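Residue numbers (UniProt numbering): 1 to 196.
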């Protein structure tokens, strides 16, 4: 972004706002907290535009910034707005409904429902990893930066998540899903972005 280029910032905001909002809501189901945090991220980018380094992946940079800002703003938000009510108490993070997934001919409604239940039964970090990998289509290296762990940790976590999914999904619904690659392709299909 060129120094003082409000148009570029506006285009970045327009391009990524919806995805950032969806990600933020998965972490904390508080629209005001998410909107405020997204705004804070873009204000910070604008204020520090002269010092921004070369950003290789804008989407990953913004997701990382939003994730940090959400956790930073959470305590303030709880004390000022909810006076001690925990932001985390209201909803389990990174939960999914089958309505969020694309309806794909190759994937039956029963399999979508079974996969939704299986994904929701995974530990939170595995659900977040699946969301970043299959919804945002981010590489492991970028996910590692966002989740602030080593890349190998992400790869190990993904293997555990896939093994957990395979063990939890009804075997009768596995028609055509013979291996881990097929399972990952099914997840990519499920998480394709819906047009709202």
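Ideal placement from N, C-alpha and C gives every residue a C-beta, glycine not left out. Predicted, not measured: the structure shown is a model, and the values here were computed from it.
Give me the Cβ distance between residue 70 and residue 27, rounded to the nearest whole Å; I'm assuming they're in contact under 8 Å.
Position 70 of the chain shown holds residue 70. Position 27 of the chain shown holds residue 27. Between residue 27 and residue 70 the Cβ distance is about 6 Å, and since that is below 8 Å, they are a contact.
Over what stretch of residues does the alpha helix (DSSP H) that includes residue 111 continue unbroken?
For the purposes of this step, residue 111 is identified with residue 111 of the chain shown, where counting begins at 1. Element bounds for residue 111: 109–120.
Where does residue 126 sit, in a helix, a strand or coil, going by DSSP?
Taking the chain shown and counting its residues from 1, one reaches residue 126 at position 126. Under the three-state reduction of DSSP, residue 126 is assigned to helix.
Identify every run of the beta strand (DSSP E) within the UniProt domain "RNA polymerase sigma-70 region 2" (13–70), keeping only runs that are complete inside it and at least 3 residues long; order them along the chain.
List check, beta strand (DSSP E) in window: nothing returned.
Report the three-state DSSP secondary structure of residue 91 (helix, strand or coil).
Within the chain shown, the letter at position 91 stands for residue 91. Caution is warranted here: a pLDDT of 49 is assigned to residue 91, below 50, making its placement in the model unreliable, and no coordinate value can be reported.
Assuming residue 158 and residue 129 form a contact by the criterion Cβ under 8 Å, report the distance between their Cβ atoms to the nearest whole angstrom.
Numbered from its first residue, the chain shown carries residue 158 at position 158. Numbered from its first residue, the chain shown carries residue 129 at position 129. About 6 Å separates the two Cβ atoms, so the contact holds.
State buried or exposed for residue 59, treating a residue as buried only when at least 16 other CB atoms are found within 10 Å of its CB.
Here residue 59 is taken as the residue at index 59 of the chain shown, counted from 1. It counts as buried.
Would you mind sorting residue 133 into buried or exposed? The rule is 16 or more other CB atoms within 10 Å of its CB.
Counting from 1 along the chain shown, the entry for residue 133 is found at position 133. Taking all protein chains in view, the Cβ of residue 133 is crowded by 16 or more other Cβ atoms within 10 Å, so the residue is classified as buried.
Report the rounded CA-to-CA distance for residue 144 versus residue 150, giving the unit in angstroms.
One-based indexing of the chain shown puts residue 144 at position 144. One-based indexing of the chain shown puts residue 150 at position 150. Taking the CA atoms as reference points, residue 144 sits about 6 Å from residue 150.
N- and C-terminal bounds of the alpha helix (DSSP H) containing residue 164
By 1-based counting over the chain shown, the position of residue 164 is 164. From DSSP, the alpha helix (DSSP H) with residue 164 extends over 151–168.
So residue 164 packs on residue 122, CB below 8 Å; how close in whole Å?
For the purposes of this step, residue 164 is taken as residue 164 along the chain shown, with counting starting at 1. For the purposes of this step, residue 122 is taken as residue 122 along the chain shown, with counting starting at 1. With a Cβ gap of about 6 Å, residue 164 and residue 122 count as contacting.
Contacting residues, own chain, Cβ-Cβ under 7 Å from residue 168 (five flanking each side not counted):
Here the question's residue 168 lines up with position 168 in the chain shown. So the list reads 118 and 121, once near-sequence residues are dropped.
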